[in-house]
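Step one of this worksheet: look at the structure below.
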Amino acid sequence: MLLDENYEELKDLAKKFSDSEVGPIAMSIDHEGKIPADLVKKLGETGFLGTFIPEEYGGAGMDYMDYSIVVEELSRNCASTGVLVSAHSSLCMWPILNFGTDEQKKQYLPSLASGEKIGCFCLSEPNAGSDAGSLTTMAEDKGDHWELNGVKNWITNGKEAGVAIVFAKTKKTDDYKGISAFIVDTNDPGWNIIKIEEKLGIKGSSTAQIALDKVKVPKGNLLGPPEKGFRVAMATLDGGRIGIAAQALGIARGAFDYALKYSNERIQFGKPISALQGIQFILADMSTKIAASRLLIYDASHRKNKKIPYSLQSAHAKLFAAEAAMWVSTKAIQVCGGNGYTKEYPVERFFRDAKITEIYEGTSEIQRVVIAANELKGLK
Ligand code: CAA
12 MLLDENYEEL
22 KDLAKKFSDS
32 EVGPIAMSID
42 HEGKIPADLV
52 KKLGETGFLG
62 TFIPEEYGGA
72 GMDYMDYSIV
82 VEELSRNCAS
92 TGVLVSAHSS
102 LCMWPILNFG
112 TDEQKKQYLP
122 SLASGEKIGC
132 FCLSEPNAGS
142 DAGSLTTMAE
152 DKGDHWELNG
162 VKNWITNGKE
172 AGVAIVFAKT
182 KKTDDYKGIS
192 AFIVDTNDPG
202 WNIIKIEEKL
212 GIKGSSTAQI
222 ALDKVKVPKG
232 NLLGPPEKGF
242 RVAMATLDGG
252 RIGIAAQALG
262 IARGAFDYAL
272 KYSNERIQFG
282 KPISALQGIQ
292 FILADMSTKI
302 AASRLLIYDA
312 SHRKNKKIPY
322 SLQSAHAKLF
332 AAEAAMWVST
342 KAIQVCGGNG
352 YTKEYPVERF
362 FRDAKITEIY
372 EGTSEIQRVV
382 IAANELKGLK
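Residue numbering for the sequence shown is 12 to 391, as defined by our numbering.
Put into structure tokens, the structure is as follows:
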């Protein structure tokens, strides 16, 4: 798809950064299970950790299309780096930008946008995944502060994060109605990382289980109105899902590019396997799914830029791009055959990394729930 010139420039910059700074170490990020601090520093210096944050709060002053392009280009080489940027931006900085007071924005956004601090989002719990409204973490009013107690699960960036958006109930209810949102400094006493998950893919991205044990949160750190935290969570996830769709698109492109190149180089039956129609049809379907994913992501990003409702479009984008990434990376292994199944070839990593995009920030089933609910609402 043709992009406006300013987006093409950014895409070129992001592509060059990804190929020179991320590509050469993507394999070792996967093996070592860690994104080097030096890379995070460079992401901050380039403005990629604060793309859509206005310049007055220390960001790059770009928009949501720029952000999607950056996540796609980083994920094309390394999905772990892509999700570090995505969760940090969409799930931590965006709710502060959108629901925060001017004081909260001034206090938190500059250090996040520069990468001095990394952000995370704490909604899920051991017994509250897709049913996020059933969370049981409590925030008790202690007069001059809130006291938070509970356990949070599957927290992307949980190990590195300096700032967290935490959802807790200020009123005991069985449903979402008592939930409020808070900005929490993770160096406050009582913030305890109790487990770092061993995972199938995105091994360079930390996924933490965190216990909140009497964490003292200043009164001024309530984010948005009390007991309206579920709306904060849902609106945040609408944007987050665009980021995960862009991550999935990057993974699919990485896998496709490699399979395409391999099919031209691999000689069987006296010719490159790309001369075989059976391979060409696979490559054609990969290319089509990638192009369709991109259009859905750009549509959702464009609507977000224009402040036009995008809940339906972000669910479309995440559902389609995640399933496309899984399909494309599976077929990329098929094209590369026995070689593709080994750890020497990157398609094996793209295949493992693709799976999570069908799970986090709302499973593919939850995206279908959101899509159907939006369409049915429209019919009323
Ligand atoms: N924007 C703003 N508000 C919204 C909204 C949206 N898109 N969708 C719903 N709401 C509001 C509604 O207006 C309603 O609020 P009020 O009563 O104040 O009007 C409230 O939310 C409840 O709405 P519903 O009855 O429609 O919601 P529900 O209880 O049926 O749940 C759901 C809907 C789609 C299943 C939701 O629970 C959901 O998205 N679940 C998945 C959670 C998820 O994605 N978790 C991932 C966590 S992040 C992660 O993966 C970790 C990480 O670090 C990456």
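Backbone N, C-alpha and C define an ideal beta-carbon position, used for all residues, glycine too.
Exposed is the label assigned to serine 39, since fewer than 16 other Cβ atoms lie within 10 Å of its Cβ. Short note on glutamate 276: C-beta not closer than 6 Å to any heavy atom of the ligand CAA.
By the C-beta criterion, the stretch 344 to 351 is judged not to be in contact with the stretch 320 to 329, since fewer than 3 inter-stretch pairs fall below 8 Å. Note on valine 380: under 16 other CB atoms within 10 angstroms of its CB, so exposed under the neighbour-count rule. Contact between isoleucine 194 and valine 226 is absent: CB atoms are separated by about 12 Å, not below the 8 Å threshold. For serine 191, the enclosing beta strand (DSSP E) starts and ends at 190 to 196. Fully enclosed beta strand (DSSP E) runs of no fewer than 3 residues are not present anywhere in the stretch 224 to 262. Counting along the chain, no alpha helix (DSSP H) covers alanine 139, and no H or E run does either. Histidine 99 counts as buried, since no fewer than 16 other beta carbons sit within 10 angstroms of its beta carbon. Isoleucine 213 is not a Cβ neighbour of asparagine 168, given a cutoff of 7 Å. Looking only at Ala303, Gly240, Thr148 and Ala384, the smallest Cα-Cα distance to alanine 259 is reached by Ala303.
Under the DSSP assignment, valine 94 falls in the alpha helix (DSSP H) whose first and last residues are 90 to 97. Out of Ala90, Ile190 and Ala343, the CA that lies nearest to the CA of valine 33 is found in Ala90. Restricted to the stretch 96 to 176, the beta strand (DSSP E) segments that are unbroken, complete and at least 3 residues in length are 130 to 133, 149 to 152 and 156 to 167, listed in chain order.
Bridge partners of threonine 218 according to DSSP: Thr167. Excluding sequence positions up to five before and after threonine 218, its CB lies within less than 8 Å of the CB of Trp165, Ile166, Thr167, Gly169, Ile207, Glu208 and Lys210, all in the same chain and listed in chain order. Taking the Cα of glutamate 386 as reference, the smallest distance to any Cα among Gln324, Glu376, Trp157 and Glu334 is reached at Gln324. Rounded to the nearest angstrom, the gap between the Cα atoms of lysine 230 and histidine 156 is 5 Å. The DSSP assignment places complete alpha helix (DSSP H) segments of no fewer than 4 residues inside the stretch 291 to 371 at 322 to 351 and 358 to 366, in order along the chain.
Near the ligand CAA, meaning a Cβ closer than 6 Å to any of its heavy atoms, lie the following residues in chain order: Ala98, Phe132, Leu134, Ser135, Ser141, Ala143, Gly144, Trp165, Ile166, Thr167, Tyr187, Phe241, Arg242, Met245, Ala246, Leu248, Asp249, Ser322, Tyr371, Glu372, Gly373, Ile377, Val380 and Val381. Judged by DSSP secondary structure, lysine 52 falls within the alpha helix (DSSP H) whose first and last residues are 48 to 57. In its chain, beyond the 5 residues on either side, Glu84 have a beta carbon closer than 7 Å to the beta carbon of lysine 26.
Burial of histidine 327 is indicated by the presence of at least 16 other C-beta atoms within 10 angstroms of its C-beta. Spatial neighbours of glutamate 276 in its own chain (CB-CB distance under 8 Å, excluding positions within 5 residues in sequence) are listed in chain order as Pro283.
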